[in-house]
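As they're listed, the protein sequences go chains A and B.
In terms of the numbering used here, the first sequence opens at residue 1 and continues consecutively.
In terms of the numbering used here, the second sequence opens at residue 378 and continues consecutively.
In what follows, a structure is listed as structure tokens, so that the remarks can point back to it.
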Amino acid sequence: MRGLRRLARFLSIRTASVGASLVIAIFLVIIVANLGGKIDEIIEQEIRLTVNMQLQDPRFKSQLGYSCETMCKGMGVMEEGVLKQCVAQCMQSWVDERTRILMRTYGLDQPFVLRALYYLRDALTLSLGRAQRIYSDTGSREVWAIISERLPQTILLFTTANVVIFFMELFIGLALSRKYGSIFDKLAVTLAPLSSMPGWFYGLFMILTFAFWLKLFPSRGMVSAPPPEDPWLYALDVLWHMVLPIISWIIAYVPIGVYYYRTFFLLFSTEEYVEYAKARGVPSRVIERRYILRPTLPPIITSFALMLIGSWMGAIITETVFQWPGLGMKFYEAINFSDAPVVIGIIAIYAYLLAATVIALDLVYGILDPRVRVGGE
Amino acid sequence: MKVAGIPNRLKAQLKRLVHYKSFVAGMVILTFFVGLSIYAMVTWPYSEAVAKWNNPAVWLDYPKHAKPSWITLFTGVRELEGSLIIDTRLEAKNVVKLRQVLERFGKPFATIERISIGFTYDYDAFPARLVYVVPVNTTDRVFVNMTWRKPSGIEIIIEKNFFTSGELIRSLEPKPGEVPEFALRYVEIVEKVYGVRVNISNLNPTYLLFCDDEYLAKTGALRVLKGSYQVGVETFSSDINSTVDLRLVIQGTIYGLAGTDFLGRDLFMALAWGAPIAMAFGLTASLLSALLQIAIAAISAWFSGVVDVVVQRINEIFMVLPFLPTIVMLWMFYGFDLWTLLWVIILFNTWGSGIKTSRAMFLQIKEMPYIEAAKAYGSSNFRIVMLYMIPRVIPVIIPNIVTAIPSFVFLEAALAMLGIADPRTITWGKVLQEAYTHGALLQGYYHWILAPSIMLFLMGIGFAMIGFTLDRVFNPRLREI
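In structure tokens, the structure reads:
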């Protein structure tokens, strides 16, 4: 009970601290983005567009022209040329007035700091506004719609890849630590430098070999065109498309992980309490589970979580290479069309994800680490 | 005694390094890159290289998408390397020029010019494309009649046209759904001679000019006809002072050590110049961010209190900021060149989880007796941090710095893949991105994608091998087992 309360206190402090960091981080992004006046520019552009759209409507234009003419005539202007000039002036002043009003509605006439605060509120509540140039697949221009329809695909591919990679690393590492100095162990050490290259890079080779040369797997996309109708076949099809990206990530990230875990477990297996357990005749499986895996769990989970967040960001290029219709590819599109609202929206989403992971890690640590639970020093 | 001891220990450790095969292999790769860098810097000074690489006009006559030339060693097929250029303005060998001024009622009113050039083509493979230019120094209308005579004796009229712009330029390359006029004439000639109507749709028109007609008529397939070719140009102009020339560019299918890209640029130049840029970029980023990281972590751990809290808060902010999207945003709003990008990357890389780990390390070091002793005899804070704490972690960070070098090179490549690159510099990542976006994978220009990939791969493997071995020698955690 006391432990639980302590944990809750610890967590709430951490949440508050990470939350504050999140707010500051997003605020900094907004300030930096707006130092070049970019966000203001975006909004001003949008306002001018709206006003011009209104003028494009012929009925509205003739109405405005008529009322302007009446006003000019009322002022006593009768001569043809002067009247024309007067009407044009009147219409221009309408445009200016309208823009000014809209600018005020959007808060553009307010000082820089205040404006930044408005944007901060929008970003934090994830009311991300509208994209400038790109659309969602359903045709919406809401940044939120664009992001939310792509997020599941990204999470599907990269969470699967990470879970596969994580368990491979863990079990191969554990198996190798049992056989220190064997051929397999030496092989693992030799292969470790393979991980100096990122997953997307191996993706290029994978596409070259398995898609274009051997024609075993598709080179791009998430489903075949046309997609199979049967849901089971559909799932199989998606799985088939996931093979190459996952393999390229395995080649890129498993070797270093295996090397790391092997060394890690080896270090732990030389601890005195493990030696003592061995001397007592405790079966090696039990030693592994109770004396090696258990105490090493917190750092292992940390590395898994960090890998997971890292993957969502590294995903941007892998998705582009494999044309996987996830958030990363949309991000690529947004860059190419230089669509700032989408880019800022994606930053906000990622910032939330990162903050959530940091807090989740603290929670895991709080549960697993007795120092936090019972309050050591 | 102690002063002499350290270099000796270092020497012994370095000696031990040589026994590791992976270290030797890594050093060989590193030496290769250093050699390549020196070669690049000696051959083309940086500004010259950048200007040349970014000027498409320089590369006009080079074959596009040419494979590396050493590939013929494996295939055994003789192919044309580079381009065969015949310019009547520059050479007179195998060139016959005739000029005739026509007169009517004793007054000159027109000129007829005839140029004939000959060349031998004895390669097994077709040239990739043929470009011909007929420059005339007049703005009047010029009638041109151009014939192509094959070794088999068949003569095709390839040009029968008026032109006025002072220059006639044709580039014979396959265009989907488009058959050039001369190809139709060629089909007729083949039908007349061999009695077979051949199907030439979707063929590279250049191939038609170099193919064996008899073989084509019999089998419907293409084969190169080796031998001497004759190209004739006949122009008729009403400007009596006009002179005509002919420039023929036969673009081959192989070029140099690495082939060429879609603009005909020599990929070897990009590969060579990519090496020093990648090494400078990776080394600077890796070294500076590691040094800044340990400096900040040491200060934070040593001073604790307010300093520590501030550092940790700043660090948390950077941990929450997504690295790649933020860099992309900065680039979109401000745009920067390669070296500004370097500083941005260093900034973002210094902060983050790395400082957390280093700080934990320094918290342990801080409690060690020798630091206690230093405090006791009254060393300054600066002295303790800079001379006693930071050197302590140097053996741990040196391998990390070496191993991290390629990761920055790949980061640059990844950003280039996203289109975030300095438009003027030459990096492997940019070559890779261009190959990827121009469909090198789809169209089978594998050399274009493989050349920068292999360079990146070698650099990754090389530095990783050195780094891993350094780690094993400097930090022998497992030696006692």
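Cβ atoms here follow ideal geometry from the backbone N, Cα and C, with glycine treated the same way.
Because the structure is a prediction, the values reported are computed rather than measured.
Distance CB(residue i)-CB(residue j) smaller than 8 Å
i	j	result
GLY629 of chain B	GLU456 of chain B	yes
VAL601 of chain B	TYR509 of chain B	no
TRP94 of chain A	LEU64 of chain A	yes
PRO776 of chain B	LEU847 of chain B	yes
VAL850 of chain B	LEU507 of chain B	no
ALA828 of chain B	ALA674 of chain B	no
ILE862 of chain B	ILE748 of chain B	This structure cannot settle anything about residue 862 of chain B, because the visible part of chain B is limited to 378 through 858.
ILE694 of chain B	ILE774 of chain B	no
PHE496 of chain B	VAL519 of chain B	no
LEU795 of chain B	ILE335 of chain A	yes
GLU536 of chain B	VAL513 of chain B	no
LEU818 of chain B	ILE346 of chain A	no
ASP517 of chain B	SER605 of chain B	no
ALA356 of chain A	ILE26 of chain A	no
LEU701 of chain B	VAL721 of chain B	no
GLY326 of chain A	ARG141 of chain A	no
THR488 of chain B	SER619 of chain B	yes
PRO198 of chain A	ALA791 of chain B	yes
Integer Cβ distance of residue i from residue j, believed to fall under 8 Å
i	j	result
PHE337 of chain A	ILE134 of chain A	5 Å
PHE658 of chain B	GLU789 of chain B	6 Å
PHE587 of chain B	PHE503 of chain B	6 Å
VAL697 of chain B	LEU354 of chain A	5 Å
GLN132 of chain A	PRO341 of chain A	6 Å
VAL779 of chain B	LEU833 of chain B	Not a contact, Cβ separation roughly 17 Å.
ILE654 of chain B	THR802 of chain B	6 Å
ILE691 of chain B	TRP728 of chain B	7 Å
TRP650 of chain B	ALA426 of chain B	5 Å
PRO440 of chain B	THR583 of chain B	Contact doesn't hold; Cβ gap of about 11 Å is too wide.
Option nearest residue i by Cα separation, candidates the options
i	options	result
ASP464 of chain B	B:ILE492, B:GLN477 and B:GLU480	B:ILE492
VAL688 of chain B	B:PRO504, B:LEU467 and B:GLY731	B:GLY731
GLY181 of chain A	A:ARG130, A:PRO111 and A:TYR259	A:TYR259
ALA402 of chain B	B:PRO853, B:ASN852 and B:ILE838	B:ILE838
VAL575 of chain B	B:GLY597, B:GLU555 and B:ARG562	B:GLY597
LYS736 of chain B	B:LEU764, B:ASP438 and B:VAL770	The question names Lys, yet the displayed sequence has Arg at residue 736 of chain B. Cα-wise, what sits closest to ARG736 of chain B is B:VAL770.
GLN85 of chain A	A:CYS68, A:ARG98 and A:GLU97	A:CYS68
TYR261 of chain A	A:LEU170, A:LEU194, A:THR70 and A:GLN89	A:LEU170
GLY712 of chain B	B:GLU458, B:PRO800, B:THR612 and B:TYR822	B:PRO800
VAL223 of chain A	A:ALA211, A:PHE210 and A:LEU239	A:LEU239
ILE316 of chain A	A:VAL32, A:PRO245 and A:GLY328	A:GLY328
VAL472 of chain B	B:ILE494, B:ALA798, B:LEU740 and B:PHE486	B:ILE494
MET168 of chain A	A:SER269, A:LEU22 and A:ILE246	A:ILE246
GLU46 of chain A	A:MET242, A:TYR106 and A:ILE367	A:TYR106
Classification of residue i by the beta-carbon crowding that lies within 10 angstroms, buried from 16 upward
i	result
MET378 of chain B	Since pLDDT at MET378 of chain B reaches only 39, below the 50 mark, its modelled position is unreliable, and no value is offered.
GLU272 of chain A	exposed
GLY376 of chain A	Because the pLDDT of GLY376 of chain A is 45, which lies under 50, any placement of that residue in the model is unreliable, and the number read from its coordinates should be weighed accordingly. Its Cβ having fewer than 16 others within 10 Å, GLY376 of chain A is exposed.
SER424 of chain B	exposed
ALA8 of chain A	exposed
SER284 of chain A	exposed
MET71 of chain A	exposed
MET78 of chain A	exposed
ASN385 of chain B	exposed
HIS824 of chain B	buried
ILE858 of chain B	Per-residue confidence for ILE858 of chain B stands at a pLDDT of 42, beneath the threshold of 50, marking its modelled position as unreliable; the derived number appears in the next sentence. Looking at its Cβ environment, which holds fewer than 16 other Cβ atoms inside 10 Å, ILE858 of chain B is exposed.
ALA16 of chain A	exposed
LEU644 of chain B	buried
C-beta neighbour in chain E for residue i, strict 8 Å
i	result
SER681 of chain B	As a matter of chain content, chain E is missing from the structure shown, whose protein chains are A and B.
Residue(s) in a DSSP beta bridge with residue i
i	result
ASP464 of chain B	B:ARG624
VAL360 of chain B	Here chain B has residues from 378 to 858 only, and residue 360 of chain B is not among them.
TYR498 of chain B	B:GLY604
PRO339 of chain B	This structure leaves residue 339 of chain B out entirely; chain B is present only between 378 and 858.
ASP137 of chain A	The partner list for ASP137 of chain A (beta bridge, DSSP) is empty, contrary to what the question assumes.
PHE539 of chain B	B:PHE520
ARG491 of chain B	B:LEU475 and B:GLU611
ARG526 of chain B	B:GLU532 and B:GLN607
ARG2 of chain A	DSSP, once it has assigned bridges, lists no residue as partnering ARG2 of chain A.
THR637 of chain B	B:ASP643
ARG130 of chain A	A:GLU142
The ligand FMN heavy atom lying under 7 Å from the CB of residue i
i	result
ALA678 of chain B	This structure lacks the ligand FMN, and indeed carries no ligand of any kind.
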